[in-house]
Structures are given as structure tokens and as C-alpha cells.
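Asks:
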Amino acid sequence: MKNIERLKEIAAKIRKELFITVYKGGGGHIGGALSSVEIMTALYFGNILKYDSTHPDNADRDRFILSKGHSSTLLYTVLANAGFITRDELRTYGKPDTRLGGHPKINDVPGIEATTGALGHGICFATGIALAGKIDKKNRRTYVLLGDGECQEGSVWEAALFAAHQKLGNLTAIVDYNKLQAMDRLDNIVKLDSLADKWKSFGWDVAETPGHDIEKLLDALDVNRPFDGAPRVVIAHTIKGKGISFMENQPLWHYRLPDMEELKIVMAELEISNEELS
Amino acid sequence: MRDAYLSALHRLAGENKDVLALISDNGAIVYDRFRRDFPEQYFNYGISEANMVASAAGLASCGKLPFAYTITNFLTMRAFEFIRNDVCLQEMNVKLVGTGAGFSYSTLGPTHHGTEDIALMRVLPNITIVCPASPRETYKATLACAALVGPTYLRLGTSKEPEIYENDYDFVIGKGIVLKEGTDATIIATGSITHDALAAAEELQKNGVSVKVVNIHTIKPIDTGLIVECARTTGAIITLEEHNINGGLGGAVAETLLDNGCNPVFMRMGLIDNFCTGYGSRPDVKKMNGLSPDHIIAKIREAIAQKRLRNSKAQ
Chain W
4 MKNIERLKEI
14 AAKIRKELFI
24 TVYKGGGGHI
34 GGALSSVEIM
44 TALYFGNILK
54 YDSTHPDNAD
64 RDRFILSKGH
74 SSTLLYTVLA
84 NAGFITRDEL
94 RTYGKPDTRL
104 GGHPKINDVP
114 GIEATTGALG
124 HGICFATGIA
134 LAGKIDKKNR
144 RTYVLLGDGE
154 CQEGSVWEAA
164 LFAAHQKLGN
174 LTAIVDYNKL
184 QAMDRLDNIV
194 KLDSLADKWK
204 SFGWDVAETP
214 GHDIEKLLDA
224 LDVNRPFDGA
234 PRVVIAHTIK
244 GKGISFMENQ
254 PLWHYRLPDM
264 EELKIVMAEL
274 EISNEELS
Chain D
54 MRDAYLSALH
64 RLAGENKDVL
74 ALISDNGAIV
84 YDRFRRDFPE
94 QYFNYGISEA
104 NMVASAAGLA
114 SCGKLPFAYT
124 ITNFLTMRAF
134 EFIRNDVCLQ
144 EMNVKLVGTG
154 AGFSYSTLGP
164 THHGTEDIAL
174 MRVLPNITIV
184 CPASPRETYK
194 ATLACAALVG
204 PTYLRLGTSK
214 EPEIYENDYD
224 FVIGKGIVLK
234 EGTDATIIAT
244 GSITHDALAA
254 AEELQKNGVS
264 VKVVNIHTIK
274 PIDTGLIVEC
284 ARTTGAIITL
294 EEHNINGGLG
304 GAVAETLLDN
314 GCNPVFMRMG
324 LIDNFCTGYG
334 SRPDVKKMNG
344 LSPDHIIAKI
354 REAIAQKRLR
364 NSKAQ
């Protein structure tokens, strides 16, 4: 229980630092980044993902692929908290000469495993990493975080078919199922009815969980699963814009910066001081 | 060409267990020997080119040497953004192999004719593009692509391409090959139609016309030195390809000439901003699309006539 409390504190800290990063950097895809905070906290700080930030190229590390690359600001914030980059570097986001762009790029920053941003790529790339691990009989895992809107891309389902056929049990996909995409609710654009059934019918082992409950996320991300067998997908039911009241469930906040009035609300809700924003 | 490729791939797979053959459910019987001898190095991705290409990049990121093989159009067009982002942008050591270049699938129609793939690949940074002219060259090109670290696109025909090399020779990526010396004009070709360029030049030789024949097997990086030298020494350049002249070999040579201050008589042979029309054998389809040996001979004569006219005006 104590561990969960610690993780909740980390998530709160990450959410706050994420907002500061986006705000000071002049913009970013804030809504979807906020909805993935607990997922990323569970992965990086809940003993799920095996990594060593002092040796980021260790061949036996687990890999994390941010298929929803537009949440790069969250990834950078997590990497800063995990020791891959410094907080000073995190503050360079969005500034000239930064290594931290609006979408993650491999080799630019330690801890970034793939260049993503175009949707429907990361999970395909991840099938190759998982297959290499299986060929080499390595006990390493690959985790890939997808957006729900991203699941409208056909290539996601090409990868899903292939991973199941090859029994890539070392591959875990997580869908940040916040039910919103850039312009509206998925239901009003192209709906993803019965998402769990879809993945199940593609041969995946499905775990559905509330996406802001770290304890349940840790169970769903089960690190004791066999390396061979059905790949797992964790469908994490989340809230886009989670943690900032006026952003929650609002498509408008896919990509936007708050005005001064809205900023006051954010500062109160995330306990951000004037100094931290200056 | 396909057999030569598979023969080289077989050798590579035997030497290095990281060499993987990825296919997208085409190549039926031709992969049988590979599958039998290296079952653990063979993966059929099914009909899903995008996933195959990005997955190949993922494999390469873990030190594997994947050869991702399918029909040129399905590879370079269906999976274009995956080649761009996952392979080229990330500089992954992926070997893309397209079969069915040009009109190789003669009777199968334009959906299967690879006539824009060079242009698409040529615009991408970090990629090396190799279009071998014969089976012997395909074998050498496959080994050379494997030895080169970085993204490569190997553009192959199918099964019936004629051999143009009688003897062994040195194949170096980026270095064009002079197949025949000549002084009146140069025909620069790529891929298996290079055979027709050579045949046309030999036919013209009988009539006292001296045509230089150059095989540009590497489209990128292109052999600038050789192209410039041909322009300066023969004064007339004809390019020949089973591909749209826009952005293909013709486009690449045109850019090379102008970038280097050359202004020879210049003509491009290939598809003139259209799709391939007609069905039949490969020679039939070439003929219907203005690329028969007779068409080549006529174009060379036209270029030489223009050169003479230009020279006479200059005097």
C-alpha cells in the first residue's frame, strides 16, 4: 500500500511538471499527455519496465515505445524523473536548440526508443523489437502505448494480427482509451465499439482496467506473464485532460494553452507556484 | 534476378544468423530452399507491407539484418511513410527489396508495374538505391547491400532477365559501369533494360555509329563523375529506364548534368508521365510503350542528329 501511495505522489509530481513543461515550452498535446500520466508512472516507477538510466543502451533492457508520439512532453517528463535527462534539459522543451521536440526522436535523447509522431507506426516497430527478443531467446519485454484514436489506423491491426500469430508474449500494448480524438468523441467520428472484443478476436490477451488507478494498472501490466504466447493489451479507461478540471473530457484541449484565467485554475488544482512558472 | 537474389541471400543467411528474410506473402516456391535451410530466419508477414517495413526497422534496432521483400509497388508505395519514418529517418539497417521492377509483371497490368518507385525512394534521405542490370549483377548487388550499413533499396526484376556480363567484374555501389565505349553519344541505362541499350548500341555499331553504353546500377548515390565525363566526351546523353522519366534515372541524370554545368544533347526514354499500357510479354509491353530496341535505336539516331545540327550551328 505504501508503494502505491509513493506512486501516486510521483504521478502528481509528473502531472505538475508536465503542465509546466508544456506551458513554458509554448504548447503541446496536453490532453492526451494528461490522460497517460498514471500509465507511464506505473510503467517507469512501479517496477514494470526494466531499465538503467545510467546505461540506456544496455541490450537486455526492456523497451518502451510511445506509439502516440504526440504525448512526447509526458515522456520527457518521465525520462527526467527516471534520470535519463536532467530537469535543466526538460526546461529546454520547445526552445531553440533543444533536443526535445513535439514528437520523440530516437538517438536525440537517451531513453527514447523510436521516432514516432505519425500514428500507427510505433506498434509495428515494436513487433520487430519483440520478435528480435524472441529469436534471441531474451527475457526482455517491449511495451507500447497507443492512443485510442490511433486504433483507427489500419497498420495497428496489421501489427496486432502479426504479433498474435508470432506469439509475441513479450509484447504488451496499452491503449489510452480516453474516448476522445482531436476533433470530437470517437463515437461521433469513427467509433471503436467493443474495443476489448476487437483485440481479443485478433488473438490478444486483454486486460481492461481503470486507467488512473495505479494499483490496477500494475496488476494489468503483470510482469510474470509468459514470454511466449498471446501478446497482452491493457485497455486503460482514462479521462482526456485528467487532473485539470476544465480540460477533462473536452476535445478542445487536445492541443491548446490556457489563458490567464484558466492558468489560475491550473495553478490551484496542480499546486503550482508563481516561481515554478517563471 | 530473383533466383540470383535468393542465392545471395542464402549465402548471407548461412554466414550470419542475424540475416532474416521477411516476405509479405509473395515469392511462393522461390523461397522454398531458404525456408528449408533457415526456417528460423524466415518470416512471412502476410499481406501487410506497412507492418513488415516498420517491424524490420524494429528488428534492425536490435542488431538484426532484415531483408524485407515484396513487389516494388506494394513495398515502396503502400509502405512509403513507414520506409520514410521507421527506416530512413531512424537510419535503420534495413534492406528493402522490391521485385517486379518496371514491366517485369508484363501481363499483370499497371497495378503491378513498378514505374514510380525509383522517384519515391530517391527523394528520401539516407537511402541507397541499387537497380541491378542482370542476374550476375543482382548477386553482387545483394552482397554489397548487405555489407553497407544503412537503409538500402534493391530494385529487382523477376525471373527471365538476360545476362549481360560474360565474365566476372568488380561491382561497387555508386560506381557506374561502362559496358561499351563509343564516341557519338552515350546511352545511360538502369535495370534489366540495360540489355536492350547494349543490343541497340551493337546494332548501330554495325552501321558505323559509335555509342557508349553505361550501366548506372546505383541511382543513389549516383556516379556524378562518370555522367559528367560521358557528357563532355560524347556530347549527347540518352537515358533509358523502365520507369517514369520524372524522378527516375532520367530525372537523376538531368539534375546531375545541370548541377555540374553540362549541357549535352539530352533525351530521356521511359514512361513519359503516364502509366504503362497494354498486356503481353515483356518485349510486347516495352514495344507498346515506346521502349523496344527499335525505339531505342531511333532515339539514339535522333540525339546524334541533334548533336550534329548543334555543332554545325556553332561553327
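In order, the protein sequences belong to chains W and D.
Counting from 1 along the first sequence, just add 3 to a position and that's the residue number in this note's numbering.
Counting from 1 along the second sequence, just add 53 to a position and that's the residue number in this note's numbering.
Beta carbons: idealized from backbone N, C-alpha and C, even for Gly.
Are the CB atoms of Thr287/D and Thr236/D nearer to each other than 8 Å?
Replies: Here residue 287/D is taken as the residue at index 234 of the second sequence, counted from 1. Here residue 236/D is taken as the residue at index 183 of the second sequence, counted from 1. Yes.
Asks: Would you decide whether Tyr222/D is buried or exposed? Buried here means 16 or more other CB atoms lie within 10 Å of its CB.
Replies: Taking the second sequence and counting its residues from 1, one reaches residue 222/D at position 169. Its Cβ having fewer than 16 others within 10 Å, Tyr222/D is exposed.
Asks: Quick check on the DSSP output: what are the complete alpha helix (DSSP H) runs of length 4 or more inside the stretch 106-188 of chain W, in order along the chain?
Replies: 125-138 and 157-168
Asks: Name the DSSP bridge partner or partners of Arg66/W?
Replies: The residue labelled residue 66/W in the question sits at position 63 within the first sequence. Bridge partners of Arg66/W: Thr145/W.
Asks: Below 8 Å between beta carbons: does that hold for Gly301/D and Ile171/D?
Replies: To locate residue 301/D, count along the second sequence from 1; it is residue 248. To locate residue 171/D, count along the second sequence from 1; it is residue 118. Cβ atoms of Gly301/D and Ile171/D: closer than 8 Å.
Asks: Measuring only the C-alpha atoms, how far is Thr130/W from Val150/D?
Replies: Your numbering for residue 130/W matches position 127 in the first sequence. Your numbering for residue 150/D matches position 97 in the second sequence. Answer to the nearest angstrom: the Cα atoms are 20 Å apart.
Asks: Would you mind sorting Leu362/D into buried or exposed? The rule is 16 or more other CB atoms within 10 Å of its CB.
Replies: As a first step, residue 362/D must be located in the second sequence, where it is residue number 309. Counting Cβ neighbours within 10 Å, Leu362/D comes out exposed, since fewer than 16 surround it.
Asks: What are the boundary residues of the alpha helix (DSSP H) that Pro336/D is part of?
Replies: Numbered from its first residue, the second sequence carries residue 336/D at position 283. Its alpha helix (DSSP H) spans residues Arg335 to Met341.
Asks: Can you tell me whether DSSP reads Ile247/W as helix, strand or coil?
Replies: The count along the first sequence starts at 1 and reaches residue 247/W at position 244. Here Ile247/W sits in coil by DSSP.
Asks: Nearest to Ser159/D by CA position, among Ile357/D, Met341/D, Ser365/D and His348/D, is which residue?
Replies: Looking up residue 159/D in the second sequence gives position 106. For the residues Ile357/D, Met341/D, Ser365/D and His348/D, the minimum Cα distance to Ser159/D belongs to Met341/D.
Asks: What is the rounded straight-line gap between the Cα of Ala166/W and the Cα of Ser38/W?
Replies: Here residue 166/W is taken as the residue at index 163 of the first sequence, counted from 1. Here residue 38/W is taken as the residue at index 35 of the first sequence, counted from 1. Roughly 26 Å between the two C-alpha positions.
Asks: Taking beta-carbon pairs under 8 Å, can you tell me which members of the stretch 41-58 of chain W lie near chain D?
Replies: Hits within the stretch: zero.
Asks: Thinking C-beta only, is Thr118/W closer than 8 Å to Leu128/D?
Replies: Here the question's residue 128/D lines up with position 75 in the second sequence. Here the question's residue 118/W lines up with position 115 in the first sequence. It is not a contact, given that the beta carbons lie outside the stated cut-off.
Asks: List the endpoints of the continuous alpha helix (DSSP H) containing Leu78/W.
Replies: Walking along the first sequence from the start, residue 78/W turns up at place 75. Leu78/W -> alpha helix (DSSP H) spans Ser75 to Asn84.
Asks: Where Ile109/W and Leu220/W are concerned, what is the direct C-alpha to C-alpha distance, given to the nearest angstrom?
Replies: Translated into the one-based positions of the first sequence, residue 109/W becomes position 106. Translated into the one-based positions of the first sequence, residue 220/W becomes position 217. Whole-angstrom Cα-Cα distance: 27 Å.
Asks: Residues in the same chain with beta-carbon distance under 6 Å from Lys233/D, minus the five sequence neighbours each way, listed in chain order, please.
Replies: If you number the second sequence from 1, residue 233/D lands on position 180. Result list for Lys233/D: Ala254 and Val266, in chain order.
Asks: Residues in its own chain within less than 7 Å of Leu251/D by CB, not counting five upstream and five downstream?
Replies: Here residue 251/D corresponds to residue number 198 of the second sequence, with the count starting at 1. These residues qualify, in order along the chain: Ile217, Leu232, Lys233 and Val266.
Asks: If you follow the beta strand (DSSP E) that Val267/D is part of, which residue opens it and which one closes it?
Replies: As a first step, residue 267/D is located in the second sequence; it is residue number 214 there, counting from the start. Run containing Val267/D: Val264 to Asn268, per the beta strand (DSSP E) assignment.
Asks: Over what stretch of residues does the alpha helix (DSSP H) that includes Asn97/D continue unbroken?
Replies: Against the second sequence, residue 97/D aligns to sequence position 44. Not the alpha helix (DSSP H): Asn97/D falls in the beta strand (DSSP E), residues Tyr95 to Asn97.
Asks: Along the chain, where does the beta strand (DSSP E) containing Arg235/W start, and where does it finish?
Replies: Locating residue 235/W in the first sequence gives position 232, counting from the first residue. Per DSSP, Arg235/W belongs to the beta strand (DSSP E) from Arg235 to His240.
Asks: Quick one: list the residues of chain D neighbouring Ser158/W, beta-carbon separation under 7 Å, in chain order.
Replies: Taking the first residue of the first sequence as position 1, residue 158/W is located at position 155. Under the 7 Å cutoff, chain D gives Ala103 and Asn104.
Asks: Within 8 Å (strictly less), CB to CB, does Lys117/D reach chain W?
Replies: Looking up residue 117/D in the second sequence gives position 64. Chain W contact via Cβ: present.
Asks: Just curious, the beta strand (DSSP E) that Lys273/D is in, first and last residue?
Replies: As a position in the second sequence, residue 273/D is number 220, starting the count at 1. Looking at the DSSP string, the run of the beta strand (DSSP E) that includes Lys273/D is Thr271 to Lys273.
Asks: Excluding the 5 residues flanking Ala66/D on each side, which residues of the same chain have their C-beta closer than 6 Å to its C-beta?
Replies: Taking the first residue of the second sequence as position 1, residue 66/D is located at position 13. Residues of the same chain with a CB within less than 6 Å of the CB of Ala66/D, apart from the 5 flanking positions on each side, are Val72, Phe91 and Gln94 in chain order.
Asks: Taking only beta-carbon atoms, is Glu295/D less than 8 Å away from chain W?
Replies: Here residue 295/D refers to the residue found at position 242 when the second sequence is read from its first residue. It does not; no Cβ of chain W falls within 8 Å.
Asks: What would DSSP say about Tyr370/D, mapped onto helix, strand or coil?
Replies: Absent from the model: residue 370/D. The displayed extent of chain D is 54 to 368, so no value can be given.
Asks: My output table needs one value for Phe133/D: the three-state DSSP class, helix, strand or coil.
Replies: As a working mapping, residue 133/D is identified with position 80 in the second sequence. Three-state result, Phe133/D: helix.
Asks: Taking a contact to mean a Cβ-Cβ separation below 8 Å, would you say Glu219/D touches Ser187/D in this structure?
Replies: What you label residue 219/D is simply residue 166 of the second sequence in a count that begins at 1. What you label residue 187/D is simply residue 134 of the second sequence in a count that begins at 1. No; because the gap between Cβ atoms is not below 8 Å, this pair is not in contact.
Asks: Alpha carbons only, please: which of Thr211/D, Ala121/D and His165/D is nearest the one belonging to Phe328/D?
Replies: As a first step, residue 328/D must be located in the second sequence, where it is residue number 275. Nearest in C-alpha terms to Phe328/D, of all of Thr211/D, Ala121/D and His165/D, is His165/D.
Asks: Indicate whether at least one CB of chain D lies closer than 8 Å to the CB of Thr175/W.
Replies: Within the first sequence, residue 175/W is the residue found at index 172, counting from 1. False, the Cβ-Cβ gap to chain D never drops below 8 Å.
Asks: Taking Gly161/W as the query, report the chain D residues whose CB atoms sit under 7 Å from its CB, ordered along the chain.
Replies: Within the first sequence, residue 161/W is the residue found at index 158, counting from 1. A small correction: the amino acid at residue 161/W is Glu; Gly does not occupy that position in the sequence shown. What Glu161/W touches in chain D: Ser101, Ala103 and Asn104.
Asks: Starting from Ile280/D and walking both ways along the alpha helix (DSSP H), at which residues does that stretch end?
Replies: The sequence position of residue 280/D within the second sequence is 227, counting from 1. First-last of the alpha helix (DSSP H) with Ile280/D: Thr277 to Thr287.
Asks: Do the stretch 139-151 of chain W and the stretch 96-110 of chain W meet, that is, are 3 or more Cβ pairs less than 8 Å apart?
Replies: no
Asks: Against chain W, does Val84/D count as a neighbour if the rule is that its beta carbon must be under 8 Å from one of theirs?
Replies: Within the second sequence, the letter at position 31 stands for residue 84/D. Note on residue identity: the sequence assigns Tyr, not Val, to residue 84/D. By this cut-off, Tyr84/D is not an interface position.
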